[in-house]
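Some notes on the structure that comes next.
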Amino acid sequence: MTTWLAGRRVVLGVSGGIAAYKAVELCRRMVDAGAFVSPVLTEDATRFVGQVTFDALGSEKARTSLWDEVEAIPHTQLGRSADVIVVAPATARVIGKYTAGISDDLLIATLLATRAPVVVCPAMHTEMWEHPAVQDNIATLRRRGVHVVDPAVGRLAGGDEGAGRLAEPDDILFAVERALAPQDLAGRHLVVSAGGTREPIDPVRFIGNRSSGKQGHAFAHEAATRGARVTLVTTTDRWAPGPVERVKVDTAAQMEDAVLGAAADADVVVMAAAVADFRPKAPAEKKIKKGEGVPDIVLEPTTDVLAALGERKRAGQVLVGFAAETNNPKEEARRKLARKNLDLIVVNDVTAPGAGFEHETNRVDVLGADGSEQNVPLTDKRSVARIVLDAAVSRLGARP
Ligand code: CTP
Numbered sequence: 000m001t002t003w004l005a006g007r008r009v010v011l012g013v014s015g016g017i018a019a020y021k022a023v024e025l026c027r028r029m030v031d032a033g034a035f036v037s038p039v040l041t042e043d044a045t046r047f048v049g050q051v052t053f054d055a056l057g058s059e060k061a062r063t064s065l066w067d068e069v070e071a072i073p074h075t076q077l078g079r080s081a082d083v084i085v086v087a088p089a090t091a092r093v094i095g096k097y098t099a100g101i102s103d104d105l106l107i108a109t110l111l112a113t114r115a116p117v118v119v120c121p122a123m124h125t126e127m128w129e130h131p132a133v134q135d136n137i138a139t140l141r142r143r144g145v146h147v148v149d150p151a152v153g154r155l156a157g158g159d160e161g162a163g164r165l166a167e168p169d170d171i172l173f174a175v176e177r178a179l180a181p182q183d184l185a186g187r188h189l190v191v192s193a194g195g196t197r198e199p200i201d202p203v204r205f206i207g208n209r210s211s212g213k214q215g216h217a218f219a220h221e222a223a224t225r226g227a228r229v230t231l232v233t234t235t236d237r238w239a240p241g242p243v244e245r246v247k248v249d250t251a252a253q254m255e256d257a258v259l260g261a262a263a264d265a266d267v268v269v270m271a272a273a274v275a276d277f278r279p280k281a282p283a284e285k286k287i288k289k290g291e292g293v294p295d296i297v298l299e300p301t302t303d304v305l306a307a308l309g310e311r312k313r314a315g316q317v318l319v320g321f322a323a324e325t326n327n328p329k330e331e332a333r334r335k336l337a338r339k340n341l342d343l344i345v346v347n348d349v350t351a352p353g354a355g356f357e358h359e360t361n362r363v364d365v366l367g368a369d370g371s372e373q374n375v376p377l378t379d380k381r382s383v384a385r386i387v388l389d390a391a392v393s394r395l396g397a398r399p
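As structure tokens, this is what we get:
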């Protein structure tokens with residue numbers, strides 16, 4: 000997956016809490032995403048996780064002390080070269096020292112020596128997290144522009160339950176990416192639909208399709224990373240970044256209500272969902288029994304949500320549709336683009352191996368109402384989202 004971490008330099012600060020073991024996974028995921036990760040461990044962190052683990056998984060050897068390579072001045076060198084610094088887990092001690100500017104170890108010195116964005120991920124017991132000293136420090140850090148990833152509620156060390164658990168790696172990675180990505184969608188509202196609708200035949204059966212929701216969720220992820228307020232109308236339980244407003248729907252009618260409602264003030268609407276064109280006219284109230292013979296299921300058309308969006312499109316709003324065509328895909332898609340009053344249409348090449356439903360990758364052409372055409376070779380769905388959002392951003396009207 001192409002993320003905003005690729006090719007960037009990350010200092011991963013790890014402080015001494017039991018959640019330090021989760022920083023191992025975070026380190027590996029950032030390296031996998033193409034980042035150059037320099038681990039910096041506090042002395043206490045090494046009591047929980049061995050330095051060699053980070054030596055092996057990071058992009059260079061882990062550092063633990065200001066005094067190991069004095070001539071290299073590690074804190075200023077790390078602080079200056081970093082594109083982002085993430086502290087996970089951040090203990091109450093590290094948060095306090097950073098807030099107060101007390102530079103008594105390599106991690107705090109590096110935090111004070113940098114001008115790069117800083118992402119702090121607190122993890123501690125609930126009583127400590129809720130203590131006014133910690134809460135005041137967190138408020139101060141936020142005021143200074145530090146990105147704070149709130150801890151989750153859940154199981155803590157010693158079997159306790161409560162707030163203070165280190166956020167999940169996906170949520171931390173999202174915050175790190177957002178700190179690195181251009182905020183070209185800040186102040187914008189994006190509505191995206193994802194997944195495939197299910198149209199009930201009876202209480203247990205439905206007519207559905209094979210859409211996985213991956214492409215729509217990739218749009219939500221990419222747009223939120225770039226600062227948009229995102230409403231994701233989805234049929235799946237797939238992960239989406241915390242700030243994304245998710246609306247769970249099942250049927251085409253629910254999708255219609257949710258999308259049309261949310262789109263009223265949207266700057267960009269992306270209809271990535273596979274919406275049923277037809278639904279059973281009269282779903283049975285009770286389960287249809289085999290012994291009753293072969294049922295006649297009469298269908299009726301659903302509303303074409305995309306066409307309805309095209310009819311009510313505001314000036315400056317960018318409307319993006321999808322098309323999966325098998326015959327003359329581009330000509331068919333151009334007709335659809337005009338008929339539904341779209342600005343962009345993403346044409347799925349359903350014949351390309353590795354593209355479309357259920358795959359991690361897609362092969363598409365992006366056609367614009369202005370006659371533009373961009374051919375996107377087989378790539379991950381996040382990259383498709385990035386390319387389409389770039390095209391949408393360039394078509395957005397001035398901010399209100
Ligand atoms: N779409 C929609 N509402 C529907 C059906 C489709 O909003 N009831 C949207 C999909 O989200 C997608 C686009 O329309 O963005 C896909 O259109 P598609 O189903 O391929 O084509 P149709 O317009 O239905 O025409 P045809 O079946 O002839 O290809």
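Using numbering that gives the first Met the number 0, the letters of the sequence shown map in sequence onto residues 0 to 399. Glycine included, every Cβ here is placed at the ideal spot set by N, Cα and C.
Item                                                                                                                                                       : Value
So, under 8 Å CB-CB, GLU176 and TRP3 are touching, yes? Tell me the CB distance rounded to an integer number of Å.                                         : 5 Å
Are there any heavy atoms of the ligand CTP lying less than 6 Å away from the beta-carbon of GLY207, as far as the coordinates show?                       : no
Name the DSSP bridge partner or partners of ILE344?                                                                                                        : GLY320 and LEU366
Hey, would you say ARG381 sits closer than 7 Å to ALA185, going by beta carbons?                                                                           : no
By how many angstroms is the C-alpha of LYS247 removed from the C-alpha of THR339?                                                                         : Checking the displayed sequence, the identity of residue 339 turns out to be Lys instead of Thr. Rounded to whole angstroms, LYS339 to LYS247 spans 25 Å at the Cα level.
Which residue comes first and which comes last in the alpha helix (DSSP H) that contains GLU129?                                                           : 125-129
Of all the beta strand (DSSP E) runs that stay within the bounds of the stretch 254-279, which reach a length of 3 or more residues?                       : 267-270 and 277-279
Indicate whether at least one CB of chain B lies closer than 7 Å to the CB of GLU299.                                                                      : The chain labelled as chain B is not found in the depicted structure, where only one protein chain is given.
State buried or exposed for ASP159, treating a residue as buried only when at least 16 other CB atoms are found within 10 Å of its CB.                     : exposed
In three-state terms, what does DSSP make of PHE62?                                                                                                        : Here residue 62 is Arg; the residue named in the question, Phe, does not match the sequence. Residue state, collapsed to three classes: strand.
Apart from the five residues on each side of it in sequence, which residues of its chain come closer than 7 Å, Cβ to Cβ, to VAL346?                        : ALA322, GLU324, PRO328, LYS329, ALA332, VAL363, ASP364 and LEU366
Report buried or exposed for ASP348, applying the criterion of at least 16 other Cβ atoms within 10 angstroms of its Cβ.                                   : buried
Just to confirm, does VAL304 get its C-beta within under 6 Å of one of the non-hydrogen atoms of the ligand CTP?                                           : yes
For GLY355, which option in ILE72, GLN214 and ALA265 has the closest C-alpha, if you only look at C-alpha atoms?                                           : GLN214
Terminal residues of the continuous beta strand (DSSP E) containing LEU40?                                                                                 : 35-40
Considering only heavy atoms of the ligand CTP, does any lie closer than 6 Å to the CB of THR350?                                                          : no
Give a yes or no on whether the C-beta atoms belonging to GLY33 and GLY57 are separated by under 7 Å.                                                      : no
In chain order, what are the residue ranges of uninterrupted alpha helix (DSSP H) at least 4 long that sit wholly in the stretch 78-103?                   : 91-99
Using the Cα positions of THR52 and CYS26, report the straight-line distance between them to the nearest angstrom.                                         : 10 Å
According to DSSP, is HIS358 helix, strand or coil?                                                                                                        : coil
Using a threshold of 6 Å, is the CB atom of ALA222 nearer than that to any non-hydrogen atom of the ligand CTP?                                            : no
Helix, strand or coil for PRO352? Go by DSSP, reduced to three states.                                                                                     : coil
With contact counted as at least three CB pairs below 8 Å, one residue from each stretch, are the stretch 109-121 and the stretch 84-96 in contact?        : yes
Sorted by chain position, which residues of the same chain lie with C-beta nearer than 6 Å to PHE35's C-beta, five sequence neighbours on each side aside? : ARG8 and SER58
From the DSSP secondary-structure annotation, give me the bridge partner or partners of THR1.                                                              : Per DSSP, none; premise fails for THR1.
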